[in-house]
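Presented below is the structure to which this report refers.
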Amino acid sequence: MNELLKKTAAEQSKALKNKEISAVELTKAAFERINSLEDKLGAFNSLTQDTALETAKKVDEKIAKGEDLPLLAGIPLALKDNMNLVGSKTTASSKILENFVSPFNATVTEKLLNNLVPIVGKANLDEFAMGSSNENSAFKKVHNPWDLKKVPGGSSGGSAASVSSCEATLALGSDTGGSIRLPASFCGVVGMKPTYGRVSRYGLIAFASSLDQIGPFARSVEDAANLLEVISGHDPKDSTSLDMPVENYADFLKNDIKGKKVGVIKELTGDGNSPAVQKAIDNAIETYKKLGCEIKEISLKNLKYSIGIYYILATAECSSNLARFDGVRYGYRCKNPKNLMDLYTRTRAEGFGPEVKRRIMLGTYALSAGYYDAYYKKAQQMRALVTKDFTNAFENVDILIAPTCPNTAFELGAKSSDPLSMYLTDIDTIGSNLAGIPAINVPAGFDESGMPVGLQIIAPQFMESRLFNFAYQFEQANDFHNKLANI
Numbered sequence: 419m420n421e422l423l424k425k426t427a428a429e430q431s432k433a434l435k436n437k438e439i440s441a442v443e444l445t446k447a448a449f450e451r452i453n454s455l456e457d458k459l460g461a462f463n464s465l466t467q468d469t470a471l472e473t474a475k476k477v478d479e480k481i482a483k484g485e486d487l488p489l490l491a492g493i494p495l496a497l498k499d500n501m502n503l504v505g506s507k508t509t510a511s512s513k514i515l516e517n518f519v520s521p522f523n524a525t526v527t528e529k530l531l532n533n534l535v536p537i538v539g540k541a542n543l544d545e546f547a548m549g550s551s552n553e554n555s556a557f558k559k560v561h562n563p564w565d566l567k568k569v570p571g572g573s574s575g576g577s578a579a580s581v582s583s584c585e586a587t588l589a590l591g592s593d594t595g596g597s598i599r600l601p602a603s604f605c606g607v608v609g610m611k612p613t614y615g616r617v618s619r620y621g622l623i624a625f626a627s628s629l630d631q632i633g634p635f636a637r638s639v640e641d642a643a644n645l646l647e648v649i650s651g652h653d654p655k656d657s658t659s660l661d662m663p664v665e666n667y668a669d670f671l672k673n674d675i676k677g678k679k680v681g682v683i684k685e686l687t688g689d690g691n692s693p694a695v696q697k698a699i700d701n702a703i704e705t706y707k708k709l710g711c712e713i714k715e716i717s718l719k720n721l722k723y724s725i726g727i728y729y730i731l732a733t734a735e736c737s738s739n740l741a742r743f744d745g746v747r748y749g750y751r752c753k754n755p756k757n758l759m760d761l762y763t764r765t766r767a768e769g770f771g772p773e774v775k776r777r778i779m780l781g782t783y784a785l786s787a788g789y790y791d792a793y794y795k796k797a798q799q800m801r802a803l804v805t806k807d808f809t810n811a812f813e814n815v816d817i818l819i820a821p822t823c824p825n826t827a828f829e830l831g832a833k834s835s836d837p838l839s840m841y842l843t844d845i846d847t848i849g850s851n852l853a854g855i856p857a858i859n860v861p862a863g864f865d866e867s868g869m870p871v872g873l874q875i876i877a878p879q880f881m882e883s884r885l886f887n888f889a890y891q892f893e894q895a896n897d898f899h900n901k902l903a904n905i
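In terms of the working numbering, the sequence shown is residues 419 to 905.
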């Protein structure tokens, strides 16, 4: 492997500016790495070599002319395959979109291209972002770079695996209930979910519209901060996009956190965690103490209901959003339908995978006459209480910490036949999606078998700068992020 691929984006940017390597050479090295690993890793659904090299050439032209480069220009990036890139396939890892070619760019994609970031390919995911292990893809499973017999986490498993294995330096994922942070934890990288509305969802294939948010993967907190700066900002094409100023998040990384208050979420620590995960949390507490922080135990009494709330709201919204995939306008269409109803039913039966069908059925039930008030309305009321718990907590502390997951990556197939067990994998991450607040995973240790453990840090709405500050200080006080998967 080209040693430069092991470097962070900041280090690669410096090498480009110093003309130690060209952007085209760096991008070609990324494709060589991808081609050498993909047979066993499965991180990509498709590659976009022509687009990436074209972008890289523009970077080299700017360097040759002595012009300033945009932030992250020339750094190879993997784009989750539920975000549109014009002229490329956008499949959401589903048979129903297997041959769909994007006619437009997502807003985040447009921002990346404007910053001359080479997009090397479309990363594999759980079908329509529904899953916690990346075993629900219609095309192939993604394997964890640290142990190919284990899952990378989901739904953004391809994005996380591509960064962890150095196939790409950066990646974008989407997070509905933990789908960035969980695979980041399992794959030993940084993964961050911004405040809801901080990043435009225009051009993202919707799963649950009130929960979905696009965010960065990287191998350092600094790189994640810079990538969030590139993709953030108000977008008139997205009615949920917030008109908030975009900060230079990297400027806040080195701020002193001495005297700040760190809250440890009571409900997410203790007996429910594996020994390695609890050890990582204990280490995080000691790290922040050494950095001069005050530690407080915080109780979020309604957080225990978050799984139930989420799987009512998310499935209800997915049943509505996925109604557009009917075989009429675009995507897969069944052969020789007898009539319109046959077209609908067979197209959806043949095009959707079992997990997507399960969630559509659950959501349709929750929204049906006679059950709407009992399930969907009640879940929305409980969501408000979870949000209030977080708001109250942040009146007493600056940030909250918790595990990203109660356990490390599990074996492929271990939970495939037990949906409830799989759903519980997201128990630590769902709360921040319900509340719409930013959260980040940073590498925090390893279990007895050498698999990564993640620490989750949570901040109030719009406080991404504070989130990155605390994450960076933890990262620099430890060396977990420096270890790479041996694949």
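Built from N, CA and C at the ideal position, the CB exists for glycine as well.
Residues of the same chain with a CB within less than 6 Å of the CB of Ile623, apart from the 5 flanking positions on each side, are Asn500 and Ala510 in chain order. Distance from the Cα of Gly769 is smallest, within the candidate group Thr466, Pro601 and Asp744, for Asp744.
Distance from the CA atom of Leu489 to the CA atom of Ala741, rounded to whole angstroms, is 39 Å. With a minimum length of 4 residues, the unbroken runs of alpha helix (DSSP H) contained wholly in the segment 465-537 fall at 467-482 and 525-532.
Taking C-alpha positions only, Glu443 is separated from Asn523 by approximately 26 Å. Ala668 is positioned such that its CB atom lies no closer than 9 Å to that of Phe635. Look at the segment 839-873 and you find these whole runs of beta strand (DSSP E), each 3 residues long or longer: 857-864. A distance below 8 Å between beta-carbons, with the five flanking residues on each side excluded, links Lys707 to the following residues of its chain, in chain order: Ile713. Taking a cut-off of 8 Å for Cβ pairs, the segment 547-561 and the segment 640-654 do not touch, as fewer than three such pairs fall below it. The alpha carbon of Thr527 has as its nearest neighbour, out of Ser440, Ser580, Ile481 and Asp653, the alpha carbon of Asp653. Counting other Cβ atoms within 10 Å of its Cβ, Val774 reaches 16 or more and is therefore classed as buried.
Taking Phe449 as the centre and dropping the five residues before and after it, the same chain places the C-beta of Leu465, Gln467, Ala470 and Val538 closer than 8 Å to its C-beta, in chain order. By the 16-neighbour rule on beta-carbons within 10 angstroms, Thr687 is buried.
By the CB criterion at 9 Å, Ile493 and Asn859 fall outside the cutoff.
DSSP places Met548 in the coil class of the three-state scheme, outside both helix and strand.
With respect to the C-alpha of Ser628, the residue from Asn739, Leu600 and Glu647 having the closest C-alpha is Asn739. Just so you know, the alpha carbons of Gln798 and Ile727 end up roughly 8 Å apart. Residue range Glu712 to Ile716 is occupied by the beta strand (DSSP E) that includes Glu712, with no alpha helix (DSSP H) assigned at that position. Judged by DSSP secondary structure, Asp593 falls within the beta strand (DSSP E) whose first and last residues are Leu588 to Asp593. A residue is called buried once 16 or more other Cβ atoms fall within 10 Å of its Cβ, and Leu852 is buried on that count.
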